[in-house]
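Engineer: Chains as they are written, first to last, in my numbering: chain A, 1 to 112; chain B, 113 to 229. The C-beta atom is built at its ideal place from N, Cα and C for all residues, glycine as well. Keep in mind it's a predicted model, so treat the numbers as computed, not measured.
Here it is in structure tokens:
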């Protein structure tokens, strides 16, 4: 069966510091991968999605970036964090477009 | 553009009551998919159901049921005989088959369901 992992689970970072969140999927190949952010008290917003290695599409302009160095690895990064980057970051995968997306456990990021 | 509205921000009921969570969507596509997810306090989103726009049959899974009505662009979720373990935030989401370019889901803002013992 397929599983999706995210780490770290929780992160507290100062403003201006770099960020790297990792997501890996097991038990499937060539998945579609997604990064979402959930700000406090709000719904989920799609940040990036990827249909293959090195292929990244951005939905929201911001100081975050994403990379997919391997088939089942998806990384969310920032060179300099802002206070507004605080939130709950969720990674998801699906086998094909419009199919069900399955979510990881998430990373809670607090920028101080 | 696609949009999902969950007008109920928070609902509180006593255990064993039935409760319905509303979801209204907007899309210009004729082919689309609707989803419900549950987010317990741990934060992980748990998939509940996926329905395509051509299948308007209502679905029942144990105490859960879903009512899809294209005429009113609604996809409502009912929990029968609610239990404390049903307490969570529930999200309705939409995915269009074509258009917009994005493969992601458009989520509503969620309904916080509180089941009191």
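In the DSSP assignment, what residue or residues form a beta bridge with residue 164 of chain B?
Structural biologist: Beta-bridge annotation (DSSP): residue 164 of chain B is paired with B/145.
Engineer: Indicate whether residue 103 of chain A and residue 217 of chain B have their beta-carbon atoms separated by less than 8 Å.
Structural biologist: no
Engineer: Just mark residue 10 of chain A as buried or exposed, buried being the case when its beta carbon has 16 or more other beta carbons within 10 Å.
Structural biologist: exposed
Engineer: Look at residue 134 of chain B and residue 186 of chain B and say whether their C-beta atoms are less than 8 Å apart.
Structural biologist: yes
Engineer: Can you check whether the C-beta of residue 133 of chain B is within less than 8 Å of a C-beta belonging to chain A?
Structural biologist: no
Engineer: Can you give me the Cβ contacts of residue 127 of chain B inside the same chain, cut-off strictly under 8 Å, excluding the 5 residues immediately before and after it?
Structural biologist: 194, 195, 196, 227, 228 and 229
Engineer: Classify residue 37 of chain A as buried or exposed, calling it buried when 16 or more other Cβ atoms lie within 10 Å of its own Cβ.
Structural biologist: With 16 or more Cβ atoms within 10 Å of its Cβ, residue 37 of chain A is classed as buried.
Engineer: Report yes or no: is there a C-beta of chain A within less than 8 Å of the C-beta of residue 221 of chain B?
Structural biologist: yes
Engineer: Is DSSP giving residue 192 of chain B helix, strand or coil here?
Structural biologist: coil
Engineer: If I follow the unbroken beta strand (DSSP E) through residue 6 of chain A, where does it start and stop?
Structural biologist: 3-7
Engineer: Roughly how many angstroms separate the alpha carbons of residue 15 of chain A and residue 183 of chain B, rounded to a whole number?
Structural biologist: 49 Å
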